[in-house]
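In the working numbering, the protein residues as written are -18 to 371.
Built from N, CA and C at the ideal position, the CB exists for glycine as well.
Given the structure is predicted, the values throughout are model-derived calculations rather than measurements.
Okay, so here's the structure we're looking at.
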């Protein structure tokens, strides 16, 4: 399974490498560990024994994370925070482990993690080696949202791209529903700041893996090292980047299977986080209809993958009419169903099965997707319907 990542720390390949070195040493041979086990703990072997980015505070006589302005900050590590921080504030370590899982470096069963074969290779390969860029690139191509971004670079068909032209998040629809006598638009799209953080992380991964590059530096065999200043900067200042077009074209021509797509649960955002003023009504109706939105987005990705396997495009109008046969599973507003499905199809880019739009409006997927991972957690009734319909 995969989740959308949306925090800065996981964008730094050197930080990820340091943590994977620790996890590979402490939890070998597929032994499991918890999220808390990955957090910085000064009383045990920790990431500070592996991280090359630490700074030394001369006056205090110890090293500290450069991404913490206060050397005495109890959160300690910018990538995972620490066991000394309130256990309910686990956003950094959660986001980091989600990223490592999406890259295929970690496997997850319930709330336990283990180092994968790919993670072991990543941890045991020198960060400054020529092999590292290829290893990390292969990892990025397992992760659904990265595949979606890569397709956008391919469709863009230019030598450079602005990060403003990239979108990998939850699509926005104009779909409405009645709630307590009012017509309310469902809040199913990514928040602006969350989208920016996700995109920033994926862009930096693309630089580290040689897919995007700073035109001042150019293409290099060790992009993860030659772009260290950009990759490790507290903020991403560069907006326009060169595209390694031959590499992008080569990858897209392979029509691979996306191994780590977003799973069913993560096809929508956490609606419960809508806490701003005047959003309570929108939150309530969106939460009530969240399952229908998940079902619909699952169906889009499922149908695209089946179409890719059969090497034929997906006709959106035909697909929409199939979903209409089960309104209790897929339909919020019959009047808005056709336009909503067109808007919702963008979920495929976040999930990991991007497509090109034909002249007739049909969709042709660039790859297929691991349906077992995609549908993990989905209701049996929905899966049965999709299996019989596509």
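*In terms of residue numbering, what span does the beta strand (DSSP E) encompassing residue 141 cover?*
141 to 143
_In the DSSP output, which residue or residues are listed as bridge partners for residue 349?_
238
_Relative to the C-alpha of residue 156, which candidate in 335, 317 and 15 has its C-alpha closest?_
317
*Tell me whether residue 97 sits in a helix, a strand or coil according to DSSP, three-state version.*
coil
*Does the beta-carbon of residue 188 have 16 or more other beta-carbons within 10 angstroms, so that it is buried, or is it exposed?*
buried
*Close beta carbons around residue 84, own chain, < 7 Å, minus the five adjacent residues each side*: 120, 121, 123 and 124
*Buried or exposed: which applies to residue 199, given that a residue is buried once 16 or more other Cβ atoms fall within 10 Å of its Cβ?*
exposed
*Name the one or two DSSP bridge partners that residue 45 has.*
36
_Residue of 190, 132 and 71 minimising C-alpha distance to residue 113_ = 190
_Does residue 87 pass the burial test, meaning 16 or more other C-beta atoms within 10 Å, or should it be called exposed?_
buried
*Nearest-angstrom Cα separation, counted from residue 261 out to residue 269*: 12 Å
*In or out: residue 169 buried (at least 16 other Cβ within 10 Å) or exposed?*
buried
*Just how far apart, CA to CA, sit residue 357 and residue 1?*
26 Å
*asked:* The beta strand (DSSP E) that contains residue 158, what's its start and end?
replied: 157 to 160
*Taking residue 84 as part of the alpha helix (DSSP H), name the residues at either end of that continuous run.*
That residue, residue 84, is in no alpha helix (DSSP H); it is neither H nor E in DSSP.
_Neighbourhood of residue 101 by C-beta distance below 6 Å, restricted to the same chain and skipping five residues each side_ = 5
_Nonlocal neighbours in the same chain, by C-beta distance under 7 Å from residue 127, ignoring five residues either side_ = 121, 183 and 186
*Check the C-beta distance from residue 371 over to residue 287 and give it rounded, since I have them as a contact under 8 Å.*
4 Å
_Can you tell me where the beta strand (DSSP E) holding residue 222 begins and where it ends?_
221 to 224
*Thinking C-alpha only, which one of 341, 365 and 333 is nearest residue 350?*
333
*Roughly how far, in whole angstroms, is the beta-carbon of residue 279 from the beta-carbon of residue 363, given that I think they are within contact range, below 8 Å?*
7 Å
*asked:* Between which two residues does the alpha helix (DSSP H) holding residue 359 run?
replied: Taken as a continuous stretch (DSSP letters only), residue 359 belongs to no alpha helix (DSSP H), as it is neither H nor E.
*Since residue -7 is in the alpha helix (DSSP H), which residue starts that stretch and which ends it?*
Residue -7 -> no alpha helix (DSSP H), and no H or E assigned at all.
_I'd like the span of the beta strand (DSSP E) that includes residue 214, first residue to last._
Looking at the DSSP string, residue 214 is not in any beta strand (DSSP E), and its letter there is neither H nor E.
*residue 150 to residue -4, Cα distance in whole Å?*
24 Å
*Which word fits residue 129, buried or exposed, when buried means at least 16 other C-beta atoms lie within 10 angstroms of its C-beta?*
buried
*What's the call for residue 19, buried or exposed, on a 16-neighbour Cβ count within 10 Å?*
buried
*Can you tell me the Cα-Cα spacing of residue 354 and residue 30, whole angstroms?*
35 Å
*Taking Cβ positions, are residue 212 and residue -14 nearer each other than 8 Å?*
no
_For residue 374, list the residues DSSP reports as bridge partners._
There is no way to answer for residue 374, as the model of the chain reaches only from -18 to 371.
*Per DSSP, what kind of secondary structure is residue 337 in: helix, strand or coil?*
strand
*Where does residue 103 sit, in a helix, a strand or coil, going by DSSP?*
helix
*Use the C-beta contact count for residue 373: other C-beta atoms within 10 angstroms, 16 or more gives buried, fewer gives exposed.*
Missing from the structure shown is residue 373; the chain here goes from -18 to 371 and no further.
*Which residues mark the beginning and the end of the alpha helix (DSSP H) in which residue 163 is found?*
Not the alpha helix (DSSP H): residue 163 falls in the beta strand (DSSP E), residues 163 to 166.
*Report the option in 67, 66 and 62 whose CA atom is closest to the CA atom of residue 76.*
62
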